[in-house]
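First the structure, in the form of structure tokens, and then the observations on it.
2 protein chains.
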Amino acid sequence: MITIKDIAKAANVSPATVSRVLNNGPKVGANKRAHVQKIIDDLGYRPNLTARALVKQSSGSIGVVIPEIFDPFMAKFAHEIESYATQHDVQTFISSGHNDVEKEAMAINKLLDNNVRSIILHSKVMSDEDIIHFSKIVPNLVLINRNIEVIKEKCFWVDNYAASFAITEHLINAGHTKFVYLNSNYDIEDPKERFEGFKGALKAHNIHLDFNIVEYAEPFHEGGSDAIQRIIKKDLTFTAIVAYNDQMALGAINYLHEIGINTPKAVSVVGFDDVIYASNSIPKLSTMHYPITEMAIAATTTAISEFIDSDIEKADIPHCFTPEIIDRDSVKTLTLAK
Amino acid sequence: MITIKDIAKAANVSPATVSRVLNNGPKVGANKRAHVQKIIDDLGYRPNLTARALVKQSSGSIGVVIPEIFDPFMAKFAHEIESYATQHDVQTFISSGHNDVEKEAMAINKLLDNNVRSIILHSKVMSDEDIIHFSKIVPNLVLINRNIEVIKEKCFWVDNYAASFAITEHLINAGHTKFVYLNSNYDIEDPKERFEGFKGALKAHNIHLDFNIVEYAEPFHEGGSDAIQRIIKKDLTFTAIVAYNDQMALGAINYLHEIGINTPKAVSVVGFDDVIYASNSIPKLSTMHYPITEMAIAATTTAISEFIDSDIEKADIPHCFTPEIIDRDSVKTLTLAK
DNA sequence: CTGAAAGCGCTTACAG
DNA sequence: CTGAAAGCGCTTACAG
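Those protein sequence lines, which keep their order, are chains Y and G. Using our numbering, read the first sequence as starting at 18 and increasing by one per residue. Using our numbering, read the second sequence as starting at 18 and increasing by one per residue.
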């Protein structure tokens, strides 16, 4: 391994000077700087980041803790964060928290042991108190999909209410009044907020809400399938399904297809998230586009802005994001008899 | 930050002794060991991994370089590697190489700068020479989905020929003789090997192969859709489609659906990989199950076996894997008139 | 069984 | 503008 001393020797300067040119430090003569730089290049020297991290008491890396890398929604987040961080020459550690408080805490601690400069956390299971606790320990804790008042400037979240309101209204504008709502059975904020948005839209249009029309299940393909199956058994009349997310929507569509009910001819369906499947399904799903890229950039910028050269004004970074309607093929406009 | 010196002072021993109990080192009296351990626990001391890595000239982390975290197939690989590594208390760095030789090399170098102990690489764009070059620089370079003779013991790959042969034969056994092959247009080994397997199966059953029936496209949903569209224009007769992978298969199924051709009634379709979509589509896709979990475990074991306590015999780790047929709903058995 | 000392490869006051 | 020196938090021969 070639070290800073080797360069110093070869260049006939002190290690301190080499270090200064490496870090674009001040007070190095132009000539000497060029000379040293040439030797660095010639010998292909690469600084040992571990040593640097030790003296600086901090590495040039950030950590990311998400529930599962495997989940396509999360994978996209991780991908966008990593890609943006890499552009700015910062290394990213990605860890899974598996939706378990203990495991998330463990992941954070491991990251801390590795002296990351910042952690971007996506947690739906930690309490506000847990997170506030960690925000005091972690050098720079940034949160995605979470809004905690006291650390608001480190939070990036989506306006679930407005988004759910909008997609429901989209259906109402298409003439639908008989709804089914397929909700997630996870005990977190998002399902509640989205359901509130749904209720809000119905109310705004004077549509009565019968709680019989909502079913809860795991927010995945199977869950959507199960939930709609339970609805069907109730023998209700409906023309539109609002699902908690795309996966549930797609699960419902598939179940309906199996029993001979066509989407969108017989029933319209909308999802939420706009995951990759949404545009590859039959029919292509109308849904709310989750601004993952924008959120990832905002969060990563906040995570790294303190240790990179950046001309981004913090004040310009948005914290609350509103998804947009992507209207594809799963919604039919009703022509009313009345 | 609480350091080893703080513990030493509190326990009235030398830092060396603390270090020894931390590392389960030899030659520490049981009493003293217990005493020191208690102080460590009480104070909640966590060793600084950066410092340790510096003196050991190597961290307890491994690096993973994959084309894209975002790709569900790759995300699964990354997930399985990370999860297995975490079980053994080793931290994982995940980087994207973006299918670009320069970027992959960059990712590897960055990982090296961070003193990872091993790198698991999934590269389809580097030449054998490039990889052999890196295998000399990287402490322990492990390859997935690649088989390079001279570093065979570090390689883990799939028998594409056998797998493709098997799934094609599955179709032949169901009575199909008129095929279409939708291939990837990537200039890498896999498409060639799988196509050879397809040809091999036809030959074994004396079925004539007209090269007119193969079309090339990007190995994604759109590509499958494009490719089958080109086939349709040729006005060929066929009852079965063998696709390079699930995404192309699904793209083809969707396009056929749009023009009113039903799978599997009118045409049977098989994929390859068994990605998550394959079991959530309409119809559920018959495909070859890629043993990602098993391969990830084998690769990770090889990557970390040298620095963890492990009773796994290296000789017991398989290197070549054969996918299995998963028969779902996209293949129809033909009852022949003849 | 235990401790004092050297050293891993850097950075950064400090002094000049 | 430049260098000698100290130190980041550990581990590990070496000596006893």
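For every residue, glycine included, the Cβ atom is placed at its ideal position computed from N, Cα and C.
Collapsed DSSP secondary structure at G:Gln-74 in the structure displayed = Three-state DSSP puts G:Gln-74 in coil, outside helix and strand.
query = According to DSSP, is Y:Ser-34 helix, strand or coil?
reply = The question names Ser, but residue 34 of chain Y in the sequence shown is Thr. DSSP places Y:Thr-34 in helix when its eight states are reduced to three.
ask   = Any idea what DSSP makes of Y:Tyr-178, helix, strand or coil?
value = When DSSP states are grouped into helix, strand and coil, Y:Tyr-178 belongs to the helix group.
message = Counting C-beta neighbours from all protein chains within 10 Å, is the total for G:Thr-317 16 or more, i.e. buried, or is it exposed?
response = Buried is the label assigned to G:Thr-317, since at least 16 other Cβ atoms lie within 10 Å of its Cβ.
query = In the structure shown, what three-state DSSP assignment does G:Ile-154 receive?
reply = Reduced to three states, the DSSP call for G:Ile-154 is helix.
ask   = Taking the alpha carbon of Y:His-14 as the point to measure from, which residue in Y:Lys-282, Y:Lys-127 and Y:Glu-341 has its own alpha carbon closest?
value = Past the boundaries of the shown model lies residue 14 of chain Y; chain Y is included only from 18 to 355, so the question cannot be answered.
Residues from the stretch 83-111 of chain G in contact with chain Y, defined by Cβ distance under 9 Å = The stretch 83-111 of chain G vs chain Y, Cβ under 9 Å: Glu-85, Ile-86, Phe-87, Asp-88, Pro-89, Met-91, Ala-92, Lys-93, Ala-95, His-96, Glu-97, Glu-99, Ser-100, Thr-103, Asp-106, Gln-108, Thr-109, Phe-110 and Ile-111.
query = Which runs of the alpha helix (DSSP H) fall wholly inside the stretch 75-154 of chain Y and span at least 4 residues, in chain order?
reply = Secondary structure in the stretch 75-154 of chain Y: the alpha helix (DSSP H) runs of 4 residues or longer, each lying completely within the stretch, are 89-104, 118-130 and 145-154 in chain order.
request  = With a cut-off of 8 Å on the beta carbons, I'd call G:Thr-304 and G:Asp-263 a contact; round off their distance for me.
outcome  = About 6 Å separates the CB atoms of G:Thr-304 and G:Asp-263; that is less than 8 Å, so the two are in contact.
query = How should G:Ile-56 be labelled, buried or exposed, when 16 other C-beta atoms within 10 angstroms of its C-beta is the threshold for buried?
reply = G:Ile-56 comes out buried.
message = Can you confirm whether Y:Lys-169, when its beta carbon is compared against all beta carbons of chain G, has any partner nearer than 7 Å?
response = Y:Lys-169 does not count as touching chain G.
query = Which two residues bound the contiguous alpha helix (DSSP H) that contains G:Glu-311?
reply = In the DSSP annotation of this structure, the continuous segment of the alpha helix (DSSP H) that includes G:Glu-311 starts and ends at 309-321.
key: Interface residues of the stretch 282-296 of chain G facing chain Y [CB-CB below 9 Å]   = For the stretch 282-296 of chain G, which is checked against every Cβ of chain Y, the residues closer than 9 Å are Ile-293, Tyr-294 and Ser-296.
query = Does DSSP classify Y:His-222 as helix, strand or coil?
reply = Reduced to three states, the DSSP call for Y:His-222 is coil.
key: Sub-7 Å separation of Y:Arg-247 and Y:Glu-232 beta-carbons   = Less than 7 Å divides the Cβ of Y:Arg-247 from the Cβ of Y:Glu-232.
query = Going along chain G, which residues have a C-beta under 8 Å from Y:Asp-11?
reply = As shown, chain Y starts at 18 and ends at 355. That puts residue 11 of chain Y outside it, with no answer to give.
ask   = Skipping 5 residues on each side, what residues in its chain have a beta carbon closer than 6 Å to that of Y:Ala-313?
value = The residues are Phe-94, Glu-97 and Ile-98.
Rounded distance between the beta-carbons of G:Phe-196 and G:Val-107, thought under 8 Å = Between G:Phe-196 and G:Val-107 the Cβ distance is about 46 Å, and since that is not below 8 Å, they are no contact.
query = Are any of the Cβ atoms in chain G nearer than 7 Å to that of Y:Lys-22?
reply = It does not; no Cβ of chain G falls within 7 Å.
ask   = So, do the stretch 161-173 of chain G and the stretch 136-146 of chain G have three or more beta carbon pairs nearer to each other than 8 Å?
value = Short answer: they touch.
query = In terms of residues, what are the limits of the alpha helix (DSSP H) holding G:Glu-275?
reply = 263-275 is the span of the alpha helix (DSSP H), which, as asked, contains G:Glu-275.
query = Can you tell me the Cα-Cα spacing of G:Ser-36 and G:Leu-60, whole angstroms?
reply = It is roughly 15 Å from the alpha-carbon of G:Ser-36 to the alpha-carbon of G:Leu-60.
inquiry  = Quick check on the DSSP output: the alpha helix (DSSP H) that includes Y:Asn-48 runs from which residue to which?
reply    = It spans 47-60 - the alpha helix (DSSP H) in which Y:Asn-48 sits, taken as one unbroken run.
task = May I ask you to report which of helix, strand or coil DSSP gives G:Asp-290?
result = Strand, per DSSP.
task = Check the Cβ-Cβ distances between G:Ile-366 and every residue of chain Y, and say whether any is below 7 Å.
result = Any answer about residue 366 of chain G is impossible in this case: the structure gives chain G only from 18 up to 355.
Partners in chain Y for G:Leu-160, counting only beta-carbon separations shorter than 7 Å = Listed by position along chain Y, the residues whose Cβ is nearer than 7 Å to that of G:Leu-160 form an empty set, because the closest Cβ is around 20 Å away.
Per-residue DSSP class, three states only, for G:Val-259 = DSSP places G:Val-259 in the strand class (E or B) of the three-state scheme.
ask   = In whole angstroms, what is the alpha-carbon distance linking G:Ala-332 and Y:Asn-65?
value = Straight-line Cα distance between these residues: approximately 35 Å.
inquiry  = With a threshold of 8 Å on Cβ separation, who are the neighbours of G:Glu-430 within its own chain once the five nearest residues in sequence on each side are excluded?
reply    = The structure shown does not extend to residue 430 of chain G, since chain G is modelled only from 18 to 355, so the question has no answer here.
query = Do we get a CB-CB distance below 7 Å when we pair Y:Ala-70 with the residues of chain G?
reply = Yes, because at least one Cβ of chain G sits closer than 7 Å to the Cβ of Y:Ala-70.
ask   = Contact check, Y:Phe-324 vs Y:Val-284 under 8 Å by CB: the rounded distance?
value = The distance from the Cβ of Y:Phe-324 to that of Y:Val-284 is about 52 Å, inconsistent with a contact at the 8 Å cut-off.
query = By how many angstroms is the C-alpha of G:Ile-249 removed from the C-alpha of G:Thr-185?
reply = Between G:Thr-185 and G:Ile-249, the C-alpha separation is close to 21 Å.
Unbroken beta strand (DSSP E) run spanning Y:Glu-232, endpoints = It spans 231-234 - the beta strand (DSSP E) in which Y:Glu-232 sits, taken as one unbroken run.
request  = Could you please give the first and the last residue of the uninterrupted alpha helix (DSSP H) stretch that includes Y:Ile-245?
outcome  = Under the DSSP assignment, Y:Ile-245 falls in the alpha helix (DSSP H) whose first and last residues are 238-250.
ask   = Just curious, the alpha helix (DSSP H) that G:Ile-21 is in, first and last residue?
value = Segment 21-28, the alpha helix (DSSP H) holding G:Ile-21.
query = Apart from the five residues just before and just after Y:Asn-177, which ones in its own chain have a Cβ nearer than 7 Å to its Cβ?
reply = Taken in chain order, the residues that qualify are Asp-207, Glu-210, Arg-211 and Gly-214.
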